[in-house]
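Novice:
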Amino acid sequence: LTPFGKGNARYISIPVSSAIPIPSNIQRDDAICLVETYMSAYQMLNLGRTNRVPFTDANVLIIGGSNPVGLALVELALKEGAKVMATSAKPHRAYLEKMGATWLPNKPKKDFETEKKDGLGH
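Under this note's numbering, the first residue of the sequence shown is numbered 124, with each subsequent residue one higher.
1. For the candidate residues D180, N174, R133 and V176, whose alpha-carbon lies nearest to that of K206?
2. Are the CB atoms of S189 and S163 within a distance shorter than 9 Å?
3. Name the one or two DSSP bridge partners that K206 has.
4. Quick check: E159 and P177, are their CB atoms within less than 9 Å of each other?
5. Need the endpoints of the beta strand (DSSP E) that T173 sits in, please.
6. How many Å lie between G244 and K230 at the Cα?
7. Give the straight-line distance between the Cα atoms of L201 and I155, rounded to the nearest whole angstrom.
8. Which one of R216, A217 and M222 has the shortest CA to CA distance from L196?
9. Give the DSSP bridge partners of S211, in chain order.
Have a look at this one:
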C-alpha cells in the first residue's frame, strides 16, 4: 500500500527506506489487515483535505464510526485535532465517546423503511 493508492499489486518496487519491517511478534496477516484499514482511512482523510491543511479544529463527520475503517478514521482525525462526530448503533456509543468522538445515532431502520415507501419521506 502506498499513500497514493495503487498498492494492491502482487509485486511492487519501492526504495528500501520506505519499507517498514514487521516485528517478529506480529503475524503477517494481522499486519496486512492493520495497514489496509489505516491506509484506507488515511486516504479518505486526504481526499477530504483542502491543500494538505490539517483538520485542526475542523468538524469531521464519520458515518459508520464503529466499523474498522470508521474507527481508524476517528483515531486519525482526532490525532490531527479535529472535532469528530461519528455515527453508529447505540451499543458502540461509549467506545466512540471514550475515544474522544461525539456520538450520533444511526437513523432508525423504521424511519428508513417509511422513506422508501414513497421516496419522499411522507
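Glycine included, C-beta positions come from ideal geometry on N, C-alpha and C.
Specialist: If we stick to the structure as given:
1. D180
2. no
3. N182
4. no
5. Here T173 belongs to no beta strand (DSSP E), and DSSP marks it neither H nor E.
6. Note that G244 scores a pLDDT of 48, beneath 50, so its modelled location is shaky; the value from the coordinates is reported in the next line. If you take the alpha carbons of G244 and K230, they lie about 13 Å apart.
7. Separation of L201 and I155 (C-alpha to C-alpha, rounded to the nearest whole angstrom) is 23 Å.
8. Among R216, A217 and M222, the Cα nearest to that of L196 belongs to M222.
9. P228
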